[in-house]
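> Chains as they are written, first to last, in this note's numbering: chain D, 1 to 69; chain Y, 1 to 150. Cβ coordinates follow ideal geometry from the N, Cα and C atoms, glycine included.
(1) By Cβ distance, which residues of its chain are closer than 6 Å to residue 22 (chain D), with the 5 residues on each side in sequence left out?
(2) Verify the CB distance criterion: does residue 22 (chain D) have a CB-CB separation below 8 Å to chain Y?
(3) If you drop the 5 nearest sequence neighbours on each side, which residues of the same chain put their C-beta closer than 8 Å to that of residue 123 (chain Y)?
(4) Tell me the rounded alpha-carbon separation between residue 102 (chain Y) and residue 94 (chain Y).
(5) Anything in the segment 36-60 of chain D with a Cβ closer than 9 Å to a Cβ of chain Y? List those residues in chain order, please.
(6) What residues are listed by DSSP as bridge partners for residue 19 (chain Y)?
(7) So, does the CB of residue 128 (chain Y) fall closer than 8 Å to a CB anywhere in chain D?
(8) Assign residue 4 (chain D) to buried or exposed, taking buried as 16 or more other Cβ atoms, counted over all protein chains shown, within 10 Å of its Cβ.
(9) Which value, in whole angstroms, describes the spacing of the CA atoms of residue 130 (chain Y) and residue 85 (chain Y)?
(10) Strictly below 9 Å CB to CB, what residues from chain C border residue 68 (chain D)?
(11) Where residue 74 (chain D) and residue 127 (chain Y) are concerned, what is the direct C-alpha to C-alpha distance, given to the nearest angstrom?
(12) Residue 53 (chain Y) bridges to which residues according to DSSP?
(13) Give a yes or no on whether the minimum CB-CB distance between residue 137 (chain Y) and chain D is below 8 Å.
(14) At a CB-CB cut-off below 7 Å, which residues of chain Y make contact with residue 25 (chain D)?
(15) Would residue 62 (chain D) pass as an interface residue toward chain Y - the criterion being a Cβ-Cβ separation below 8 Å?
(16) Just verifying my parser: in three-state terms, what is the DSSP assignment at residue 32 (chain D)?
(17) Start and end of the beta strand (DSSP E) containing residue 47 (chain D)?
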């Protein structure tokens, strides 16, 4: 009988079984950016892996100004 | 047909391309684009419109992050209406990094021209733990491009 293989996740505490971690996601949506955070925590609620992805919705602008005579 | 005063739209694109020099300029090695880089800064830093050049002071540090940030290139500047604009051609990305101190800003700067500052963009306080950080660029048009001259 084969032992089921459990995927490992690389964390600051080394490779740990994926099913031993708590996975949570968070969205932050503003007028200028959207931020997606994905967090893996261990059984003691320590963050062992966290990635963040930001979508910059709008950049910066310079406005021209012309002198009038 | 009436005349209208304006900063010519073609000149705005040319400014982004480094064509006009009204003061002391630089001798260029060629006609190619300069090398630009993007560096991350701590939330405690003071990157503003007054920032003149890249500095390692208050830049993020941590496993997997190289001081100075990442190199990128711009989409060729163009214009729509009277607005000239350009955006980096790809996302800024850092993989497998740990940045434990909160950061919230990316500074783009010109590595070719003595690391002169170009633009600053903020995105809220962020930390990374053994993970990835990516900054996806806005749509490259006259309304949202990363840099615009209106």
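Quick answer:
(1) Taking the first chain and counting its residues from 1, one reaches residue 22 (chain D) at position 22. Contacts found: 41.
(2) For the purposes of this step, residue 22 (chain D) is identified with residue 22 of the first chain, where counting begins at 1. Not closer than 8 Å to any Cβ of chain Y, the Cβ of residue 22 (chain D) fails to qualify, so no.
(3) Start at 1 with the first residue of the second chain, and residue 123 (chain Y) comes out as number 123. 104, 105, 106, 135, listed in sequence order.
(4) Here residue 102 (chain Y) is taken as the residue at index 102 of the second chain, counted from 1. Here residue 94 (chain Y) is taken as the residue at index 94 of the second chain, counted from 1. Spanning the two alpha carbons is a distance of roughly 15 Å.
(5) 37, 38, 39, 40, 47, 48, 49, 50, 51, 52, 53, 54, 55, 56, 57, 58, 59, 60
(6) The sequence position of residue 19 (chain Y) within the second chain is 19, counting from 1. Looking at the DSSP assignment, residue 19 (chain Y) forms no beta bridge with any residue, so it has no partner.
(7) Position 128 of the second chain, counting from 1, holds the residue named residue 128 (chain Y). Yes - at least one Cβ of chain D is within 8 Å of the one on residue 128 (chain Y).
(8) Position 4 of the first chain, counted from the first residue, corresponds to residue 4 (chain D). Residue 4 (chain D) should be labelled exposed.
(9) Taking the second chain and counting its residues from 1, the one referred to as residue 130 (chain Y) is at position 130. Taking the second chain and counting its residues from 1, the one referred to as residue 85 (chain Y) is at position 85. Cα to Cα, residue 130 (chain Y) sits roughly 35 Å from residue 85 (chain Y).
(10) Structure shown: chain C not included; protein chains present are D and Y.
(11) No answer is possible for residue 74 (chain D): the residues shown for chain D start at 1 and end at 69.
(12) Against the second chain, residue 53 (chain Y) aligns to sequence position 53. DSSP lists Y:116 as partners of residue 53 (chain Y).
(13) As a working mapping, residue 137 (chain Y) is identified with position 137 in the second chain. Judged by the 8 Å Cβ criterion, residue 137 (chain Y) is in contact with chain D.
(14) Within the first chain, the letter at position 25 stands for residue 25 (chain D). Neighbours of residue 25 (chain D) on chain Y: none; closest Cβ ~13 Å, over 7 Å.
(15) By 1-based counting over the first chain, the position of residue 62 (chain D) is 62. Chain Y, which has a Cβ nearer than 8 Å to the Cβ of residue 62 (chain D), makes this yes.
(16) Locating residue 32 (chain D) in the first chain gives position 32, counting from the first residue. Coil.
(17) Locating residue 47 (chain D) in the first chain gives position 47, where the first residue counts as 1. Looking at the DSSP string, the run of the beta strand (DSSP E) that includes residue 47 (chain D) is 47-56.
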